[in-house]
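Chemist: Structure provided below as structure tokens; questions to follow.
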Amino acid sequence: MTPSPAATRSRSARRLVTREGHRANATVCQRPRRRLIFGVTRRTLSRAGQPKGRDMTGSAAPPPPDAGDARREAGAPSLEAAIGRKVRALRQGLDVTLADLARSTGLSVGMVSKIENGQTSPSLSTLKALAQALNVPISHFFEDFEERRDCSFVPAGQGVRIDRRGTKAGHVYELLGHSLRSETRVEPFLITIDEGGEPHATFQHPGHEFIYMLSGRLTYRHGDMRYEMGPGDALFFDALAPHGPEALPELPVRYLSIIVTPPQE
1 MTPSPAATRS
11 RSARRLVTRE
21 GHRANATVCQ
31 RPRRRLIFGV
41 TRRTLSRAGQ
51 PKGRDMTGSA
61 APPPPDAGDA
71 RREAGAPSLE
81 AAIGRKVRAL
91 RQGLDVTLAD
101 LARSTGLSVG
111 MVSKIENGQT
121 SPSLSTLKAL
131 AQALNVPISH
141 FFEDFEERRD
151 CSFVPAGQGV
161 RIDRRGTKAG
171 HVYELLGHSL
181 RSETRVEPFL
191 ITIDEGGEPH
201 ATFQHPGHEF
211 IYMLSGRLTY
221 RHGDMRYEMG
231 PGDALFFDAL
241 APHGPEALPE
251 LPVRYLSIIV
261 TPPQE
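Position 96 (the sequence shown) corresponds to 96 in this note's numbering; numbering is contiguous.
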């Protein structure tokens with residue numbers, strides 16, 4: 001049976017409506033998806049294309065903290081870096097590769113690299129192996145290392161008063177400084193003998209002593225010798241011999257005394 005023209009038009013209209021409806025629905029469903037995908041893609045590309053060393057705003061990001069910088073700010077000596085520079089300079093001067101040096105010393109290539117970059121503190125046996133391979137004495141690795149140099153500042157009148165053998169005789173000792181690292185002890189004193197002070201010529205101690213008169217007058221004994229001393233006079237002597245002020249004709253007396261004591265064996 002042949003459909004009537006009206007029925008044909010009705011079915012065509014329904015198909016058209018259905019197709020348009022699907023298109024509309026597809027558009028409605030796909031738009032949010034495209035926006036979502038596009039947004040994620042933009043953020044992902046933004047992060048992926050972000051140059052290193054910059055944050056998301058485009059500003060320069062601070063570099064990560066460096067352990068070496070922290071050590072330098074703390075003032076710690078970089079002995080490892082000094083040794084590493086020496087090893088690298090010697091190796092390159094001999095035209096030796098890291099692998100060759102590693103083989104000749106029995107170390108790994110990674111360990112040699114860490115030593116050259118100052119990232120590890122080599123043991124004495126490791127330094128000995130490196131010295132033999134590079135044909136230098138071990139002391140060569142330390143030639144460029146500058147140890148921290150300390151100083152001691154004492155404002156006027158703020159020396160530390162301490163008791164020594166002469167304190168009972170009225171001798172006032174003010175310590176004006178001290179060595180912080182050296183094995184040899186150096187002690188500078190400002191010694192004052194006021195009215196009522198007494199002679200004391202039996203000091204004895206290891207090392208050497210230097211005295212410099214500032215004011216007053218005294219007779220200073222060293223062993224069997226006696227020295228009349230006034231402002232500007234100086235005396236340097238072996239402190240194992242009996243010594244000290246034997247007579248005090250003009251008080252008060254003030255003089256500098258620098259005592260140098262060798263390392264204890």
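Virtual Cβ for every residue (Gly too), placed ideally from N, Cα, C.
Out of E246, L134, R254 and I191, point me to the one whose CA is closest to D95's CA.
Modeler: In the sequence shown, the residue the question calls residue 95 occupies position 95. Selected option, being the one with the closest Cα: L134.
Chemist: Report the rounded CA-to-CA distance for L90 versus H178, giving the unit in angstroms.
Modeler: Your numbering for residue 90 matches position 90 in the sequence shown. Your numbering for residue 178 matches position 178 in the sequence shown. L90 and H178: Cα-Cα distance of roughly 39 Å.
Chemist: May I have the straight-line CA-CA distance separating R103 from F236, to the nearest angstrom?
Modeler: On the sequence shown, residue 103 is found 103 positions in, with the first residue counted as 1. On the sequence shown, residue 236 is found 236 positions in, with the first residue counted as 1. Going from the Cα of R103 to the Cα of F236 covers about 57 Å.
Chemist: Whole angstroms is fine: what's the gap from S121's alpha carbon to G93's?
Modeler: Counting from 1 along the sequence shown, the entry for residue 121 is found at position 121. Counting from 1 along the sequence shown, the entry for residue 93 is found at position 93. Roughly 23 Å separates the two Cα atoms.
Chemist: Of the choices V112, T126 and V253, whose alpha-carbon is the least far from that of I193?
Modeler: As a first step, residue 193 is located in the sequence shown; it is residue number 193 there, counting from the start. Checked all of V112, T126 and V253; the closest Cα to I193 is V253.
Chemist: Beta-carbon within less than 6 Å of P242's beta-carbon, same chain only, minus the 5 sequence neighbours each way: which residues are those?
Modeler: Start at 1 with the first residue of the sequence shown, and residue 242 comes out as number 242. Result list for P242: T202 and Q204, in chain order.
Chemist: Roughly how many angstroms lie between the CA atoms of P276 and V186, to the nearest whole one?
Modeler: Residue 276 is absent from the model: the chain starts at 1 and stops at 265.
Chemist: Which residues in the same chain as R217 place their Cβ atom closer than 6 Å to its Cβ, once the five residues preceding and following it in sequence are excluded?
Modeler: Position 217 of the sequence shown, counted from the start, is the residue given in the question as residue 217. Result list for R217: G230, P249 and E250, in chain order.
Chemist: Residues in its own chain within less than 6 Å of E174 by CB, not counting five upstream and five downstream?
Modeler: Mapped onto the sequence shown, residue 174 falls at position 174. These residues qualify, in order along the chain: G159, R161 and L190.
Chemist: Considering V96, what are the terminal residues of the alpha helix (DSSP H) in which it resides?
Modeler: Taking the sequence shown and counting its residues from 1, one reaches residue 96 at position 96. Here V96 belongs to no alpha helix (DSSP H), and DSSP marks it neither H nor E.
Chemist: Which residue spans inside the region 173-254 form an unbroken beta strand (DSSP E) run of at least 3?
Modeler: Segments of the beta strand (DSSP E) lying fully in the region 173-254: 185-193, 208-222, 225-229 and 234-238.
Chemist: Taking the beta strand (DSSP E) that V160 belongs to, which residues open and close that run?
Modeler: Position 160 of the sequence shown, counted from the first residue, corresponds to residue 160. Here the beta strand (DSSP E) through V160 covers V160 to I162.
Chemist: Report yes if the CB atom of A129 is closer than 9 Å to the CB atom of H140, and no otherwise.
Modeler: For this step, residue 129 is matched to residue 129 along the sequence shown. For this step, residue 140 is matched to residue 140 along the sequence shown. No, the pair does not count as a contact, with Cβ atoms beyond the cut-off.
Chemist: Considering only their Cβ atoms, is the gap separating I211 from L256 smaller than 9 Å?
Modeler: Position 256 of the sequence shown, counting from 1, holds the residue named residue 256. Position 211 of the sequence shown, counting from 1, holds the residue named residue 211. Cβ distance < 9 Å, so L256 and I211 count as in contact.
Chemist: Alpha helix (DSSP H) containing E116: first to last residue?
Modeler: Against the sequence shown, residue 116 aligns to sequence position 116. Residues V109 to E116.
Chemist: If you compare alpha carbons, which of Y227, H208 and G110 is closest to T261?
Modeler: What you label residue 261 is simply residue 261 of the sequence shown in a count that begins at 1. Nearest C-alpha to T261: H208.
Chemist: In three-state DSSP terms, what is D105?
Modeler: As a position in the sequence shown, residue 105 is number 105, starting the count at 1. Before going further, note that residue 105 is Thr rather than Asp in the sequence given. It is helical.
Chemist: With S139 as the anchor, note down where its alpha helix (DSSP H) starts and where it stops.
Modeler: Translated into positions along the sequence shown, residue 139 becomes position 139. Premise fails: S139 is in no alpha helix (DSSP H) and is neither H nor E.
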